[in-house]
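Colleague: For the sequence shown, this note's numbering gives the first residue as 21, with consecutive numbering after it. All residues carry an ideal CB built from backbone N, CA and C; glycine is no exception. Attaching a single structure in structure tokens format; questions to follow.
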Amino acid sequence: MTKSQNGLFVLLLSIGVSTLAHGQSNVSGIVSQRYYARSFDQQLELNFRRAGAAILGMGGAATATVQSSAAMVWNPAGLASIAGPTLSLDNNFNLNNREVFVQPLSGLKVVSQVEPRILPAMASAVYPVMLGRQRIAFGVNYHRMSPLAQKVTDTFYIYPAGTLDEIETPTGSLYAFVPGVAWEIMPQLAIGASYHFVNGASKYKLELKSPFLDEFVFYGFQDEESYSGSFAMLGVQIKPASWLALGATVTPSWQFEITEKQETELVATNTTGTTSATVATHTPPEDLDQFKLEIPLFYCVGLALRPMSRVTFAVDYENRGWSEAKQSTNGNPVATGLLNSNVVRAGVEYLASAKWADFPLRFGYYTEPRPYKDRYFQGQYFGEQIKVKALTFGAGVRRAAWTLDAAVELRTSDTAWWLDAGDYYNERISSTEERFNEITFSFGYQF
């Protein structure tokens, strides 16, 4: 969830003062603004994840090349290349972290800790049947699109006031149940379709506390949300020559819904020594929000070249027209302010071989701009588009019946913000660098 994207600079603004007591008085009024005035992009990061270690190791350039059960989330036409009943399982090990730079005149230092997580990413089953010389493959897939489940602790060292922890604890997941089908019309042409039933729920808790007194909470916020939606993906793969493959997918427009189930604000009052009274404010059910986002049509095209029998180059271009998205809050249209995101993915695979197995080695690169701007001040986003660039590495083992693949993604993005108006007008900028480091393991068995 992207509540954390705005929390850092808002918290710094509220506690960047000369005394801890003064900082406490600002916490309730300023930190909570990011919840009361939130827009859709503060609800859920619009970066639905995909899976499949063999594909991720090549930077996600899979539209023309995917021939595994992961095809249901990349290009369903690739299912038609599977010759026998297949089961597969993916897991992710996440080692994300972030580095915060606070402009030097503030007297602040921030240390961030992101809890590592290992989570199931995808489970798939595919069953092909032959109709004469043509193959039809049926598949079903469980796909975790977003974990929503990494605990983040930001420790603020405020000279000479003291030390505070901001602890964010999200739990839950956004996932899709995906049936798919593909038809190999001829060896050079396959088409496919998959349908994604999207559901999920999350609980989110924010606490501001002293790291030395675990029960001493200055401010807290909790909420619960549910997610729903569904969309289709249509795909085609064409192989005009043994050394060339082409692919394309289209995802028609669909509606994504976020419904608030519960919202509570906790504020410490009458603080004395190490004890305090806490006042809880619950948002009435009639004031809880429902967000709907009409996500526009996306499309992707890709090609793969095989200049040698053991070398494959692949490249994809995906158009995500986020600027055409339409948003409503409780039935009222609201401008999204989102930016178009044109994604480029490229990768290469070299297939090494031994007597008992093949060993694919992979390298990839992708750019995936976020649909948001990278500057924030006083409730407004401006600046340029958030740029995301990533390097990927992968390797695997292939036997006659089973495959084992692993991939590593190293991705960074930067955002900037200002503590207060003085910093803004004097161009004293602070920044946050988010580092996405994830390891994916995939195992597949063909009967």
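Between Val-86, Asn-111 and Ala-100, which has its C-alpha nearest Phe-463's C-alpha?
Modeller: Asn-111
Colleague: Helix, strand or coil for Gly-79, going by three-state DSSP, please let me know.
Modeller: coil
Colleague: Secondary structure at Ser-48, three-state DSSP: helix, strand or coil?
Modeller: The predicted position of Ser-48 is uncertain, since its pLDDT is 33 and thus under 50; a value taken from the coordinates is nonetheless stated next. Helix, per DSSP.
Colleague: Expressed to the nearest angstrom, what Euclidean distance is found between the alpha-carbon atoms of Ala-300 and Lys-407?
Modeller: 39 Å
Colleague: Would you call Val-149 buried or exposed, if buried means 16 or more other Cβ atoms sit within 10 Å of its Cβ?
Modeller: exposed
Colleague: Given 8 Å as the limit, is there contact between the segment 368-376 and the segment 395-405, that is, 3 or more CB pairs closer than that?
Modeller: no
Colleague: Alpha carbon to alpha carbon, how far is Ser-450 from Val-172?
Modeller: 19 Å
Colleague: Anyone know if the C-beta pair for Asn-95 and Thr-83 falls short of 8 Å?
Modeller: yes
Colleague: Pick out whichever of Ser-214, Leu-184 and Asp-174 has its Cα sitting closest to the Cα of Val-160.
Modeller: Ser-214
Colleague: Between the C-alpha atoms of Thr-279 and Ser-348, what's the straight-line distance to the nearest angstrom?
Modeller: Going by the C-alpha atoms only, they are around 12 Å apart.
Colleague: In terms of alpha-carbon separation, which member of Lys-229, Trp-274 and Phe-333 lies closest to Val-287?
Modeller: Lys-229
Colleague: Could you give the residue range of the alpha helix (DSSP H) that holds Asp-443?
Modeller: 441-445
Colleague: Alpha carbons only, please: which of His-216, Lys-393 and Ala-426 is nearest the one belonging to Thr-460?
Modeller: Ala-426
Colleague: Three Cβ pairs or more, each shorter than 8 Å: is that satisfied between the segment 408-417 and the segment 72-91?
Modeller: yes
Colleague: Can you tell me where the alpha helix (DSSP H) with Trp-94 in it begins and where it stops?
Modeller: Here the alpha helix (DSSP H) through Trp-94 covers 91-94.
Colleague: Under three-state DSSP, which class holds Leu-99?
Modeller: helix
Colleague: Taking the alpha carbon of Phe-333 as the reference point, which residue from Val-86, Pro-272, Thr-175 and Gln-170 has its own alpha carbon closest?
Modeller: Val-86
Colleague: Going by C-alpha to C-alpha distance, which of Val-93, Lys-223, Arg-431 and Val-218 sits closest to Lys-281?
Modeller: Lys-223
Colleague: DSSP puts Thr-452 in a beta bridge; with which residues?
Modeller: Val-120 and Thr-435
Colleague: Express the C-alpha separation of Leu-381 and Thr-432 in angstroms, rounding to a whole number.
Modeller: Approximately 23 Å, taken between the alpha carbons.
Colleague: To which residues does DSSP link Met-206 through a beta bridge?
Modeller: Leu-209
Colleague: List, from N- to C-terminal side, the beta strand (DSSP E) runs of 3 residues or more that fit wholly inside the segment 336-365.
Modeller: 346-349 and 352-354
Colleague: Could you spell out where the beta strand (DSSP E) holding Ala-420 opens and where it closes?
Modeller: Taken as a continuous stretch (DSSP letters only), Ala-420 belongs to no beta strand (DSSP E), as it is neither H nor E.
Colleague: Over what stretch of residues does the beta strand (DSSP E) that includes Glu-314 continue unbroken?
Modeller: Unbroken beta strand (DSSP E) run through Glu-314: 310-315.
Colleague: Can you tell me which of Ser-361, Asp-336, Ala-441 and Arg-155 puts its alpha carbon nearest to the alpha carbon of Ala-81?
Modeller: Asp-336
Colleague: Assign Ser-329 to buried or exposed, taking buried as 16 or more other Cβ atoms, counted over all protein chains shown, within 10 Å of its Cβ.
Modeller: That one is exposed.
Colleague: If you run the structure through DSSP and keep just helix, strand and coil, what is Ala-84?
Modeller: coil
Colleague: Do three or more CB pairs link the segment 258-271 to the segment 312-321 at distances below 8 Å?
Modeller: yes
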